[in-house]
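Below is one structure, written out as structure tokens; comments come after it.
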Ligand code: 2AM
Ligand code: CA
């Protein structure tokens, strides 16, 4: 299967996002707080499934917008994890910080990922064992501590239950890092670790299609991404995510553990 063809398909999908003219009637509410889907999410996902099926007819699709794969889980062969617009809330308000994210797993193991930010014209890509790239330039993460770098965090409204824990983590990160940021697109914030812009990232609940592609890109660039207990991020259900340069990752893991301990004592 040609990775270059897949990259071109993801780039084409990004062009749909870039040329979008969002109207009020294109926006629909999904279940839960602040959870929206637009006709563009659906259009881009349909485009990706159609084109990727031509490249790999036996593939299973696990997408942000309901797909057959969501019901059956990760396939035995090739599974594509599709987030047609990561950063949908940003898209709704024309923040111009959203991307198309496509991860590829083979027999349950992430093997490749493409994250395209059409606003910045940044294509992050990686194939397991072959390195990570930004617009064709090889990415190798320089180690950095959080006191010398930006730490991004995600706090999507659908995870209201994690608000107190997240607030405590953010306070600690604010006091320990050079700066904190909340970008609104997990895939972009994760890829910015590979690109050397972010030292680390934390979000307490993400779906596999939010981080699948970026996980390969970070690892191939020399960074780390796991759950807070150090176990691998999951492909068959949502999980919390910590990522970073080697040092920043350990520091954020420690901060998470400290907060966890404190919250346990409060109960
Ligand atoms: P989205 O824009 O594709 O929904 C922001 O904290 C991150 O959380 C974004 O990557 C966002 O992806 C994700 N997110 C927000 N609401 C979500 C939901 N209901 N399910 C999965 N991911 C969500
Ligand atoms: Ca998403």
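Residue numbers (the working numbering): 284 to 550. Heads up, the beta-carbon is just placed ideally off N, CA and C, and yes, glycines get one too.
Residue range of the unbroken beta strand (DSSP E) whose run includes residue i
i: residue 486; result: 481-489
i: residue 330; result: Element bounds for residue 330: not the beta strand (DSSP E) but the alpha helix (DSSP H), 322-338.
i: residue 386; result: 382-389
i: residue 408; result: 405-410
i: residue 400; result: 392-400
i: residue 509; result: 507-509
i: residue 313; result: Per DSSP, residue 313 belongs to no beta strand (DSSP E) and is neither H nor E.
i: residue 415; result: 415-417
Straight-line Cα distance separating residue j from residue i
i: residue 364; j: residue 355; result: 13 Å
i: residue 368; j: residue 293; result: 11 Å
i: residue 550; j: residue 488; result: Because the pLDDT of residue 550 is 43, which lies under 50, any placement of that residue in the model is unreliable, and the number read from its coordinates should be weighed accordingly. The alpha-carbon atoms of residue 550 and residue 488 are separated by roughly 21 Å.
i: residue 291; j: residue 444; result: 39 Å
i: residue 348; j: residue 328; result: 7 Å
i: residue 320; j: residue 311; result: 5 Å
i: residue 427; j: residue 477; result: 12 Å
i: residue 532; j: residue 525; result: 7 Å
i: residue 497; j: residue 546; result: 30 Å
i: residue 517; j: residue 493; result: 11 Å
i: residue 543; j: residue 446; result: 13 Å
i: residue 404; j: residue 370; result: 16 Å
i: residue 502; j: residue 472; result: 14 Å
i: residue 333; j: residue 298; result: 16 Å
Distance CB(residue i)-CB(residue j) smaller than 8 Å
i: residue 352; j: residue 343; result: yes
i: residue 410; j: residue 296; result: no
i: residue 538; j: residue 463; result: no
i: residue 424; j: residue 509; result: no
i: residue 315; j: residue 441; result: yes
i: residue 385; j: residue 289; result: yes
i: residue 378; j: residue 301; result: no
i: residue 421; j: residue 414; result: yes
i: residue 519; j: residue 357; result: yes
i: residue 345; j: residue 491; result: yes
i: residue 432; j: residue 482; result: yes
i: residue 465; j: residue 437; result: yes
i: residue 499; j: residue 435; result: no
i: residue 450; j: residue 366; result: no
i: residue 468; j: residue 373; result: yes
Span of the alpha helix (DSSP H), counted from its first residue to its last, around residue i
i: residue 297; result: 286-301
Cβ-Cβ separation, residue j to residue i (assumed contact under 8 Å), whole Å
i: residue 460; j: residue 485; result: Actually they are not in contact, since the Cβ atoms of residue 460 and residue 485 sit about 11 Å apart, beyond 8 Å.
i: residue 387; j: residue 361; result: 6 Å
| request: Identify every run of the beta strand (DSSP E) within the segment 422-483, keeping only runs that are complete inside it and at least 3 residues long; order them along the chain. | output: List check, beta strand (DSSP E) in window: 433-437, 462-464.
| Can you list, in chain order, the stretches of the beta strand (DSSP E) that have 3 or more residues and sit fully within the segment 512-544? | Here the runs fully enclosed are 522-527.
| Complete runs of the alpha helix (DSSP H) confined to the segment 345-376 [at least 4 residues] | The qualifying runs are 351-355, 371-375.
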